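Engineer: Note that the working numbering has the sequence shown beginning at 1283, numbered continuously upward.
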Amino acid sequence: MTAGTGAAARVVIADDHTLFREGIVEICDNENDLDVVGQAGHGEVAVALVRRTGPDVVLLDVEMPGPGAEETLTQMLRVPEPPRVAILTMHDDARMVSRLLAIGAQAYISKSSTREELLAAIRAVRGDSDRVVLSVAKETVSRLERPAQGPLSARELEVLGLVARGLSNAQVAGELYISEGTVKRHLTNIYLKLEVRSRMSAINKAMAMRLLPAAAESGALRH
């Protein structure tokens, strides 16, 4: 679900640590553009809450009791109007980052992030469906670097890298001195090669496959 222009973002917080969860609730409650519509301490409860409340953004703890982060995320993204999900964790695990981004998470936020970093991540996820937000240690980001070879051509990687930075098709065309139609053809080829159907999914899968340098190409938040 996407909030209308000017409406407060509806947020669900799913974390089994009560003090931490209530701390985030308090942070969000002090912001006029954020509205906490529910909180949960178990994965199955969180999924049911998402189905019932239709939030715009979910903050999901990676180690919460229940079916596990990957299954919980998958179920959340299967609702008719899926929310944008930001993963919360104490651990900067590059493989976990890759797996959850590939499923469809749009942010991966360390629990050691500052209040300002957390709020910036929530707003970035809510405001831009084509952006991937990372707030993890630089060492983790470095382990997401792309390998020398992959399924995409050098030009396709250029196009996808610019798309990951938030550029429109027209802006990508201007940056690379090609036509907008050529950009669209490149994106079509990228979708076919990666077996995805959207810009967001292409970015997530490319990052999971280490085809894109996560921080540089996604405008990532770091600390």
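All residues carry an ideal CB built from backbone N, CA and C; glycine is no exception. Values in this document were obtained by computation on a predicted structure and should not be read as measured data.
If you measure between the beta carbons of A1296 and L1342, is that distance less than 7 Å?
Structural biologist: yes
Engineer: Taking T1335 as part of the alpha helix (DSSP H), name the residues at either end of that continuous run.
Structural biologist: 1325-1335
Engineer: Just to confirm my understanding: we take L1370, look at its own chain, exclude 5 residues before and 5 after, and list those with CB closer than 7 Å. What are they?
Structural biologist: D1297, L1341, L1342, D1343, V1344, I1391, K1393
Engineer: To the nearest angstrom, how far is it from the Cα of P1429 to the Cα of E1440?
Structural biologist: Here the model assigns P1429 a pLDDT of 47, short of 50, so the residue's position is not dependable, and the following value carries that caveat. So the alpha carbons of these two residues sit roughly 15 Å apart.
Engineer: Considering Cα atoms alone, identify which of E1352, A1289, P1433 is closest to L1316.
Structural biologist: A1289
Engineer: Would DSSP call I1460 helix, strand or coil?
Structural biologist: coil
Engineer: Can you list, in chain order, the stretches of the alpha helix (DSSP H) that have 4 or more residues and sit fully within the stretch 1366-1402?
Structural biologist: 1376-1385
Engineer: Alpha carbons only, please: which of P1349, G1336, L1383, K1466 is nearest the one belonging to P1364?
Structural biologist: With distances taken between Cα atoms, P1364 lies closest to G1336.
Engineer: Measure the C-alpha to C-alpha separation of M1491 and S1380 and round it to an integer number of angstroms.
Structural biologist: Straight-line Cα distance between these residues: approximately 7 Å.
Engineer: In chain order, what residues of the same chain lie with their CB nearer than 8 Å to the CB of A1455, ignoring the 5 residues before and after it?
Structural biologist: Counting only residues of its own chain and dropping the five nearest sequence neighbours on each side, A1455 has a CB closer than 8 Å to the CB of S1461, E1462, T1464, V1465.
Engineer: Determine the direct distance from the alpha carbon of G1386 to that of Y1459, and round the result to whole angstroms.
Structural biologist: About 31 Å.
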